[in-house]
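A.B. asks:
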Amino acid sequence: QRDDSARAEINVAGCLQAPSSPSPSPQPDQSSASDTEEINVDGDSGSEDEVSSIDSYDRSDQALDFTCAALSKRRFYSTSFKLQVLDAFYYDKTCHGNQRAIARKFGIHRRQVQKWLKLENSLRSETNE
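In this text, residue positions in the sequence shown follow the UniProt record's numbering: the first is 1, and each later residue adds one.
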């Protein structure tokens, strides 16, 4: 009697499998509508919207085409411009010693100012030669 009540508690908790009873299997000719219905797991409607979204994927792939023209967006700064930025870093009263303010003023990234400060001696020697 005690074992039966313990089994019932464990069975309710889902730890013990219930005794299996043979369930009637549907006959092949008795298939329900849910057996033949396709489930859409991708969230696509399968309509014309799907076709237009495929077209838009093709267009976005073209935007990711890495040709020489697309890679040539790299900026090149002249030595005189670099020295102008460095001079402003040292002598401009509005942003003296402030790398971020200098970068904002000249429209460049702050890391460019840092790199040019490291290369300052070589940049100044280039102009003296």
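Cβ coordinates follow ideal geometry from the N, Cα and C atoms, glycine included.
Look at I108 and A88 and say whether their C-beta atoms are less than 8 Å apart.
C.D. replies: no
A.B. asks: Give me the Cα-Cα distance between W116 and V85, rounded to the nearest whole angstrom.
C.D. replies: 9 Å
A.B. asks: Going by C-alpha to C-alpha distance, which of K73, R74, T79, R75 sits closest to S125?
C.D. replies: Taking S125 as reference, the option from K73, R74, T79, R75 with the minimal CA-CA separation is T79.
A.B. asks: Taking T127 as the reference, which of K82, K73, R75 has the closest Cα?
C.D. replies: K82
A.B. asks: Starting from D87, trace the alpha helix (DSSP H) both ways and give me its first and last residue.
C.D. replies: Taken as a continuous stretch (DSSP letters only), the alpha helix (DSSP H) holding D87 covers 79–91.
A.B. asks: Return helix, strand or coil for N98, following the three-state DSSP convention.
C.D. replies: coil
A.B. asks: So what's E129 in DSSP terms, helix, strand or just coil?
C.D. replies: Note: E129 maps to coil in three-state DSSP.
A.B. asks: Any heavy atom of the ligand NAP within a distance shorter than 7 Å of the CB on I108?
C.D. replies: Among the components modelled here there is no ligand, and therefore nothing to report on the ligand NAP.
A.B. asks: Can you give me the C-alpha to C-alpha distance between Y90 and V113, rounded to a whole angstrom?
C.D. replies: 12 Å
A.B. asks: What are the boundary residues of the alpha helix (DSSP H) that K73 is part of?
C.D. replies: That residue, K73, is in no alpha helix (DSSP H); it is neither H nor E in DSSP.
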